[in-house]
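Asker: Here you go, one structure.
Spelled out as structure tokens, the structure:
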């Protein structure tokens, strides 16, 4: 259980997932002093500049010895490459007109490997950055997950 003074803020642009805000940039400045921020499987949807800004914005709002946890499908794994390719194909098939008419592809996926992710955290000011493979999800309710391998990286102030 979480301590009574912990404030949980969920940010996700997807509808009906219980999020209070669509994007980190929409969180009012009065909602601050995070102890933990977590990006779980969302980095692939953010272009490099947006991802760096999101991590910096989270860093600015963190207090004390707060931590950030990045969890992302590992594009260096075979299953990770297959999943990313499949998402691009599904995106194209479901929205081909958007791909042709927009200069920016809303279904673009970005592959971030471990080393660039570590660099993002260091550039944002996280002093201690470690790979945390023991936090990688592998089962839910005793059943194996049908997900590609994730990498887990923690950054602490």
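In this note's numbering, the protein residues as written are 3 to 159. Ideal placement from N, C-alpha and C gives every residue a C-beta, glycine not left out. Predicted model only: the values in this text are computed from it and were never measured.
(1) Can you tell me where the beta strand (DSSP E) holding residue 52 begins and where it ends?
(2) Quick one: give me the first and last residue of the alpha helix (DSSP H) that residue 117 is part of.
(3) Excluding the 5 residues flanking residue 76 on each side, which residues of the same chain have their C-beta closer than 8 Å to its C-beta?
(4) Looking only at C-alpha atoms, which of 63, 12, 68 sits nearest to residue 20?
(5) Taking the straight line between their C-alpha atoms, what separation do you get for residue 91 and residue 18?
(6) Evaluate contact between the stretch 57–70 and the stretch 36–43, counting only Cβ atoms and requiring at least three cross-stretch pairs below 8 Å.
(7) Using the DSSP secondary-structure output, state which residues sit across from residue 154 in a beta bridge.
(8) Looking only at its own chain, which residues have a Cβ that is under 8 Å from the Cβ of residue 138, when we skip the five neighbours before and after it?
(9) Would DSSP call residue 84 helix, strand or coil?
(10) How big is the Cα-Cα spacing for residue 25 and residue 87?
Answerer: According to the data block:
(1) For the purposes of this step, residue 52 is taken as residue 50 along the chain shown, with counting starting at 1. Run containing residue 52: none in the beta strand (DSSP E); it sits in the alpha helix (DSSP H), 50–63.
(2) For the purposes of this step, residue 117 is taken as the residue at position 115 of the chain shown. Taken as a continuous stretch (DSSP letters only), the alpha helix (DSSP H) holding residue 117 covers 116–125.
(3) Position 74 of the chain shown, counting from 1, holds the residue named residue 76. For residue 76, where only same-chain residues beyond five positions count, the Cβ hits under 8 Å are 82, 115, 116, 150, 151, 152, 153.
(4) Counting from 1 along the chain shown, the entry for residue 20 is found at position 18. Of the candidates 63, 12, 68, the one whose C-alpha sits nearest the C-alpha of residue 20 is 12.
(5) Along the chain shown, read from residue 1 onward, the residue named residue 91 stands at position 89. Along the chain shown, read from residue 1 onward, the residue named residue 18 stands at position 16. Roughly 25 Å separates the two Cα atoms.
(6) yes
(7) Here residue 154 refers to the residue found at position 152 of the chain shown. Answer by DSSP bridge pairing, in chain order: 73.
(8) Start at 1 with the first residue of the chain shown, and residue 138 comes out as number 136. 73, 151, 152, 153, 154, listed in sequence order.
(9) Working through the chain shown from its first residue, we reach residue 84 at position 82. Residue 84: helix per DSSP, three-state reduction.
(10) Within the chain shown, numbered from 1, the residue matching residue 25 stands at position 23. Within the chain shown, numbered from 1, the residue matching residue 87 stands at position 85. Cα to Cα, residue 25 sits roughly 25 Å from residue 87.
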